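**Q** Residue 15 is where the sequence shown starts when you use this note's numbering, and the numbers rise one by one after that.
Glycine residues also receive a C-beta, built at the ideal position from the N, C-alpha and C atoms.
None of these values were measured; they are calculated from a predicted model.
Input: one structure, supplied below.
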Amino acid sequence: MTILLLTVLIVTEIAFLIAELARLSEKREWNKKRLLADLIELAAFGVMLLLPDMDLTFRLMGVCFLLLFRLGFAGIRYLAGRKHTKPKSKAGKIVSLLLSVILFVFALTPAFLFKNYKGRPLTGQYTPVTCAAILTDNARTETFEQDGSTREVPVHLFYPAEADGNADHSLPLVIFSHGAFGWYQSNLSAYEELASNGYVVASIEHPYHSLFTQDTTGKLITVDGQFMQNAMTLGSSEAGEAEREEAYKIECEWIELRIADMNFAVDTLKAAAQSQDFSAWTFTEGDKEQFETAARLTNTDTIGLMGHSLGGATAVTVGRREDISAVIDIDGTMLGEQIDFADGKFVINEDPYPTPLLEIENEKAHFDAIEAEKIGYVYANNVVQKNADNAYQTYFVGAGHMNFTDLPLISPFLAETLGTGEIEPEQCTDTLNKLILDFYDCYLKGQGEFSVQDHY
């Protein structure tokens, strides 16, 4: 529909230019017709808003403002120039067309980059609602700043709107950690699917590892440039010993920070659910009441962890806690299980993994891990799987790393740039979310038996 809208606007401009090039119009007459053309374009845009995939969200708000501005400017120019009798030059008419096309393309760029994503169909009986807060960890100093400020962990809750007093402390808690330079909505469809089926989901953010977030003062915190550069270049089974050892040191810093964030979130959410103590929380207006409601619903005796990529690695290591009931690693290398680097190889934690674990991989990563093992590369995920008391593993045929987020449904262009496969995005997301729900239903709610295919 975006291409159709751009085509309509450009065709209108070309038709207007052809009509004007065929005659020698005075400026006042040209201004009058320019006003009419702008009115036609705005009317065409209004009609197209009735079509599917067209609405006044951020995707099309820019072109709406542009068309309104052009119409207003054309009206002022017409009223101010009614006495202009000089001919309008052909060069001026051509420049007007080219400028219009450039402005239209620029204004429609968000619509080309992003789809009109409205979520996936939910299978549960509840309507998800959300609220947000920021937790302040006074025990830690923010290492990305030099002002002595304390570490902050934003938390976004998703829970069933219709849950009532009969559900007091009965809904399992699931905590999600996003990937490198991700954001809290990376797997929004999964949170909403869980919430619709009677879960409380907390998606936490890791400031300076997140693409963007805010602190308690309202300051915008963007991803740290050095972290982003390292995350895009480190980590290869084909790298030399020196490179792998350097990567290990850097990755240890990442995972230690994230593990501390998730541990703090687990402890703080448990305390809030048990005592309604929100002293470490900073709320936006109205969200405190919602958090109190969600805390009253939450059963902190059944906690699940999950994450994508680096967030999955975080969930796995924190999942060794005795108070965690189930863990899902979505396409993440288990960096927290790499406890040393010696003799050119990673030393992996050999302690039995005590918590039910579901590992989901993309196709290439799955077979790369098998090949890497054959040449002597010690892969943490394989060691954890081998030593786990109760672990499952599967991979998605044709999936790339970003297929395990909602990004391909939101922005196919950006997702493909970061790494997707040939799998159909809606199919991948729905299958992934069903696996997540089935796994947690089994291990957090005690419903049914969980099984997983070798691949999907």
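Taking the straight line between their C-alpha atoms, what separation do you get for Ser251 and His223?
**A** As a position in the sequence shown, residue 251 is number 237, starting the count at 1. As a position in the sequence shown, residue 223 is number 209, starting the count at 1. Any reading at Ser251 is ruled out, since the residue's pLDDT is 49, under 50, leaving its predicted position unreliable.
**Q** Please classify Asp291: is it buried, with 16 or more other beta-carbons within 10 angstroms of its beta-carbon, or exposed?
**A** Taking the sequence shown and counting its residues from 1, one reaches residue 291 at position 277. Result: exposed.
**Q** Apart from the five residues on each side of it in sequence, which residues of its chain come closer than 6 Å, Cβ to Cβ, to Ala402?
**A** Taking the sequence shown and counting its residues from 1, the one referred to as residue 402 is at position 388. Within the same chain, Ala402 has close Cβ partners Tyr367, Leu371.
**Q** My output table needs one value for Ala394: the three-state DSSP class, helix, strand or coil.
**A** As a working mapping, residue 394 is identified with position 380 in the sequence shown. Of the three classes helix, strand and coil, the one that applies to Ala394 here is helix, per DSSP.
**Q** Against chain C, with Cβ distances strictly below 8 Å, would Ala294 count as a contact?
**A** Included in the structure is just one protein chain, with no chain C present.
**Q** So, Thr230 versus Glu166, is the Cβ gap smaller than 8 Å?
**A** Counted from its first residue, the sequence shown places residue 230 at position 216. Counted from its first residue, the sequence shown places residue 166 at position 152. The answer is yes: Cβ separation under 8 Å.
**Q** Glu156 to Glu303, Cα distance in whole Å?
**A** Position 142 of the sequence shown, counted from the start, is the residue given in the question as residue 156. Position 289 of the sequence shown, counted from the start, is the residue given in the question as residue 303. If you take the alpha carbons of Glu156 and Glu303, they lie about 29 Å apart.
**Q** Mind checking which residues open and close the alpha helix (DSSP H) that includes Leu23?
**A** Residue 23 sits at position 9 when you count from the first residue of the sequence shown. Element bounds for Leu23: 16-35.
**Q** Quick one: Cα of Leu127 to Cα of Phe427, how far?
**A** Mapped onto the sequence shown, residue 127 falls at position 113. Mapped onto the sequence shown, residue 427 falls at position 413. Straight-line Cα distance between these residues: approximately 6 Å.
**Q** Check whether the stretch 48-58 and the stretch 77-84 touch, using three or more Cβ-Cβ pairs below 8 Å as the test.
**A** Contact holds: three or more Cβ-Cβ distances are below 8 Å.
**Q** Mind pulling the alpha helix (DSSP H) runs of 4 or more residues that sit fully within the stretch 273-319?
**A** Segments of the alpha helix (DSSP H) lying fully in the stretch 273-319: 301-311.
**Q** Which term fits Gly462, buried or exposed, when burial requires 16 or more other beta carbons within 10 angstroms of its beta carbon?
**A** Your numbering for residue 462 matches position 448 in the sequence shown. So Gly462 counts as exposed.
**Q** From Gly89 to Lys41, what distance separates their C-alpha atoms?
**A** On the sequence shown, position 75 is the one that residue 89 refers to. On the sequence shown, position 27 is the one that residue 41 refers to. Computed Cα separation, rounded: 13 Å.
**Q** Would you be able to state if there are at least three C-beta pairs under 8 Å between the stretch 339-348 and the stretch 210-217?
**A** No, they do not touch.
**Q** Using DSSP with H/G/I as helix, E/B as strand and the rest coil, what is His223?
**A** For this step, residue 223 is matched to residue 209 along the sequence shown. Three-state DSSP puts His223 in coil, outside helix and strand.
**Q** So within the stretch 344-384, which uninterrupted beta strand (DSSP E) runs reach at least 3 residues, ignoring any that extend past its ends?
**A** For the stretch 344-384, whole beta strand (DSSP E) runs of length 3 or above, ordered along the chain, are 352-356, 359-362, 371-376.
**Q** Between Ile389, Leu234, Pro422, which lies nearest to Lys359 when the distance is taken from Cα to Cα?
**A** Walking along the sequence shown from the start, residue 359 turns up at place 345. The option with the nearest alpha carbon to Lys359 is Ile389.
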